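Here the structure comes first, spelled out in structure tokens, and everything after it is commentary.
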Amino acid sequence: MSELPGRVRRAFADHSGFEEAGIDEYVSTATPFDATVTVETDDDGHVRFTVEIRVPTLSAVVDGDVAGVVEEGWTETFELRVEDVDGVTKAERGLDPTVRHLDDELVVTVTYTDINERRGVDDAAALVTFVEGTYVQGVIPGYDYTEPVTSLMSSAKDAGGF
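Be aware that the sequence shown starts at 15, since it is given in this note's numbering, and climbs by one per residue.
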């Protein structure tokens, strides 16, 4: 790995959805979830993007108890929905997201390479948005939710004019 070229740093700086967090890392400012993009460049000019989004499990955002079978089903459904990530990027990538369980979080990781740094940054933002939307789709009515779900649902209602 070499130092990031100026073209990559500029692509992130020009995108409203990210802030620099380190030499090769950017954080999403467009989601309440912890979402980072780690970037590496190859000698041939290609840029490797690793997008990681951490979302809370269902029981971590519910005020009260969640039955084990409900938690398992919710997690399984979330994982299946995340697999459909291919259609959200500008480039056809054949993405293969992974979902890891880490305490009361699910960690979604997607890695891809692009020669066009701006398209790559746009795709990173699209992936973050997709995971957030997938998470919101999984909100089960009838539970009392805590943050960040309450804010996400409020924003969705405002955007929908409800």
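Cβ coordinates follow ideal geometry from the N, Cα and C atoms, glycine included.
Computed from a prediction, not measured in an experiment: that's the story for all the values here.
- In the displayed model, Arg-24 falls within a helix according to three-state DSSP.
- Of the candidates Val-121, Asp-137 and Leu-120, the residue whose Cα lies closest to the Cα of Thr-127 is Asp-137.
- Leu-141 is a Cβ neighbour of Val-99, given a cutoff of 8 angstroms.
- Note: Asp-56 is not bridge-paired with any residue in the DSSP secondary-structure output.
- Here Phe-144 really is in contact with Val-102; their C-beta atoms are around 5 angstroms apart, less than 8 angstroms.
- Per the DSSP secondary-structure output, Pro-70 pairs in a beta bridge with Glu-119.
- Annotated as proximal: Arg-133 and Lys-104, with beta-carbon spacing under 8 angstroms.
- Measuring C-alpha to C-alpha distances from Arg-68 to each of Ser-30, Gly-78, Glu-97 and Asp-117 identifies Asp-117 as the nearest.
- Straight-line measurement puts the Cα of Thr-123 at about 21 angstroms from the Cα of Ser-30.
- Bounds of the beta strand (DSSP E) holding Val-41 are 39 to 42.
- Assigned with DSSP and collapsed to three states, Asp-79 falls in coil, not helix or strand.
- In terms of Cβ geometry, Val-41 and Phe-47 do not form a close pair [threshold 8 angstroms].
- Cβ contact annotation for Thr-52 (same chain, cutoff 7 angstroms, sequence separation greater than five): Asp-38, Glu-39 and Thr-64, in chain order.
- The Cβ neighbour count for Glu-34, taken over all protein chains shown within 10 Å, is under 16; the residue is labelled exposed.
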